[in-house]
Amino acid sequence: MLQGKKILLGVTGSIAAYKSILLVRLLIREGATVRVIQTPASRDFVTPLSLSTLSRNPVHSDLFAADTWANHVELGRWADLLIIAPLSCNTLAKMATGLCDNLLVATYLSATCPVVVAPAMDEDMWNHPSTWSNLQKLESYGNRVIPVEQGELASGLFGDGRMAEPETILKFIEPILGGAESAPPAQPQSLTGKKALVTAGPTHESIDPVRFIGNHSSGKMGIAIARELARRGARVTLVLGPSALSIEEPGITVQRVTTAAQMFDACVKAFDDAHVAVLSAAVADYTPAAPVNEKIKKNDGSLMLELVKTRDILKTLGEMKKTGQLLVGFALETKDGREYALAKLKAKNADFIVLNSLEDQGAGFGLDTNKITIFGTGGFEQAFGTKSKQQVAKDIVDTIVKSR
Ligand code: CTP
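If you want this note's numbering, it's the position in the sequence shown, counting the first as 1, plus 47.
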């Protein structure tokens, strides 16, 4: 898919540098021409010989080698894309401030092509405010940041900070090289380093092994929101009910659930360290009091089904909410939308309620469009026209970002 594309790969000093070998192999396999620049520190982690062999090109490393000057301007102009993977804290800080003491940062400063970085660091370094502020600076320059992943770290700890896998990096860069996203984003991504929780889809409440109580939610709206949050740099946990849709995207971890009770448990757990939660799922308000293990047989009379209330996830998260956490709920109404939405905002201690009314044309389950009004604390109210769910997701995330 990358036939004829010229990719410049910057490798910096991080334990994740071993993955750059796999990345080079993947890029070459996809048809790209790859040239590699290594920082001096990266040579302790991966050898120029490995990278030059796999890239089929000499590795560039020194700004001045013997009596020759490495032409960083030529390198920066040659490439269709500059990827820096792994990106260490040190190189990140240099890029953010324009410090130019090696060939890689000199080339970065001269590059006229899109720039993508895949940070790799330990969790505490990742969470340090200087890392976030440096990444936000890079984004404000139009560079794209591939979200880090969670997993085992070099320190032996488990947490955030692992560099994205080479396959994930490939998926991230394909649309950029394909021209779909060649322009720098219109605005900084603004949610880098943030964690978000999103719920989407319906829930199914078992009556017996063959029947359930469900609803018509498709999950489209919540998936669009998860995508938009990830696009702005957040690491998203998407708790997805039994939707026919699936999603596999960098920055989004999907947790599949079936029932309201399972969704409740997953959300309470994920909310603890989330900065933002957007609950767009259509959660069943009632569930059968006593689901049975055998199929209920038909008889001559009518059937009474006793239902009990499910736990309200939004209300519970509203009670758990700590300073700095932002909670967004939805209200789907068939009448008196404004009154109900405002009542829900208060009763559930949410920061925003997104109202979609089934009275409006173009709003509702299964459609590709929606029409929303967002209500917020302090009298905030903004109505939007009928738009694609993707665009609606942008409006919701814009509102979240502006309120922070
Ligand atoms: N919600 C939830 N847990 C539930 C029910 C609803 O988290 N058990 C969330 C939805 O995801 C949505 C918000 O609460 O963000 C409002 O859902 P809605 O069904 O419109 O409101 P309810 O509070 O259930 O009230 P009603 O059904 O009476 O309108």
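Don't be surprised by glycine CBs; every beta carbon is placed ideally from N, CA and C.
* To do: Could you have a look at Val304 and say whether DSSP puts it in helix, strand or coil?
  => For the purposes of this step, residue 304 is taken as residue 257 along the sequence shown, with counting starting at 1. Residue state, collapsed to three classes: coil.
* Taking 7 Å as the cut-off, does the CB of Leu361 come closer than this to any heavy atom belonging to the ligand CTP? -> Residue mapping note: residue 361 aligns to position 314 of the sequence shown, counting from 1. Yes, the ligand CTP has a heavy atom inside 7 Å of this Cβ.
* Say whether chain D places a C-beta atom closer than 8 Å to the C-beta of Arg303. => The structure shown has no chain D; it contains just one protein chain.
* **Val323 CB to nearest heavy atom of the ligand CTP below 7 Å** => By one-based count along the sequence shown, residue 323 stands at place 276. No, the Cβ of Val323 stays beyond 7 Å of every heavy atom of the ligand CTP.
* To do: With a threshold of 16 other CB atoms inside 10 Å of the CB of His251, please say whether the residue is buried or exposed.
  => Here residue 251 refers to the residue found at position 204 when the sequence shown is read from its first residue. So His251 counts as buried.
* Which residues in the same chain as Ala233 place their Cβ atom closer than 8 Å to its Cβ, once the five residues preceding and following it in sequence are excluded? -> As a working mapping, residue 233 is identified with position 186 in the sequence shown. With a pLDDT of 43 at Ala233, under the threshold of 50, the predicted position of this residue should be treated as unreliable, and no value is reported.
* Please report how far the alpha carbon of Phe111 lies from the alpha carbon of Leu55, in whole angstroms. => Here residue 111 refers to the residue found at position 64 when the sequence shown is read from its first residue. Here residue 55 refers to the residue found at position 8 when the sequence shown is read from its first residue. Going from the Cα of Phe111 to the Cα of Leu55 covers about 19 Å.
* Asked: Since Val375 contacts Ile447 with CB under 8 Å, what's their CB separation in whole angstroms?
  -> In the sequence shown, residue 375 corresponds to position 328, counting from 1. In the sequence shown, residue 447 corresponds to position 400, counting from 1. Right, the Cβ-Cβ distance comes to about 7 Å (below 8 Å), so this counts as a contact.
* To do: Give the range of the beta strand (DSSP E) segment to which Leu128 is assigned.
  => By 1-based counting over the sequence shown, the position of residue 128 is 81. Its beta strand (DSSP E) spans residues Leu128 to Leu134.
* To do: Give the straight-line distance between the Cα atoms of Tyr333 and Val355, rounded to the nearest whole angstrom.
  => Translated into positions along the sequence shown, residue 333 becomes position 286. Translated into positions along the sequence shown, residue 355 becomes position 308. If I take the Cα positions, the gap works out to 5 Å.
* Give a single yes or no on whether Ala378 has its beta carbon closer than 7 Å to a heavy atom of the ligand CTP. => Working through the sequence shown from its first residue, we reach residue 378 at position 331. Yes; taking the cut-off as 7 Å, the Cβ of Ala378 has a heavy atom of the ligand CTP nearer than that.
* When you compare only the Cα positions, how much space is there between Ile272 and Thr306? -> Sequence index remark: in the sequence shown, residue 272 carries index 225 (1-based). Sequence index remark: in the sequence shown, residue 306 carries index 259 (1-based). Going by the C-alpha atoms only, they are around 21 Å apart.
* To do: Please name the residue in Leu285, Cys160, Arg103 and Leu151 whose C-alpha comes closest to that of Ser89.
  => As a first step, residue 89 is located in the sequence shown; it is residue number 42 there, counting from the start. If we check each option's Cα against that of Ser89, Leu151 comes out closest.
* For Ala153, which residues of its own chain have a beta-carbon under 7 Å away from its beta-carbon, when the five flanking residues on both sides are left out? -> Translated into positions along the sequence shown, residue 153 becomes position 106. Cβ within range, chain order: Leu110, His119 and Cys147.
* Asked: Any idea if Ser349 is buried or exposed, counting beta-carbon neighbours within 10 angstroms, 16 or more meaning buried?
  -> Along the sequence shown, read from residue 1 onward, the residue named residue 349 stands at position 302. Label assigned to Ser349: exposed.
* Contact test: Ala390 Cβ vs the ligand CTP heavy atom, cutoff 7 Å -> For the purposes of this step, residue 390 is taken as the residue at position 343 of the sequence shown. False, no ligand heavy atom lies under 7 Å from that Cβ.
* **Ordered list of alpha helix (DSSP H) runs contained in the region 143-181, each at least 4 residues** => 150-157 and 170-174
* Is the region 71-81 close to the region 171-191, with three or more CB pairs under 8 Å? -> no
* **Start and end residues, beta strand (DSSP E) containing Glu252** => Counting from one through the sequence shown, the residue named residue 252 turns up at place 205. First-last of the beta strand (DSSP E) with Glu252: Glu252 to Asp255.
* Asked: Looking at the unbroken alpha helix (DSSP H) that takes in Gln438, where does it start and where does it end?
  -> Reading the sequence shown from its first residue, position 391 is the one you call residue 438. From DSSP, the alpha helix (DSSP H) with Gln438 extends over Lys436 to Ser450.
* Is it a yes or a no for the region 137-144 touching the region 181-198, going by three-plus beta-carbon pairs under 8 Å? -> Yes: at least three Cβ pairs fall under 8 Å.
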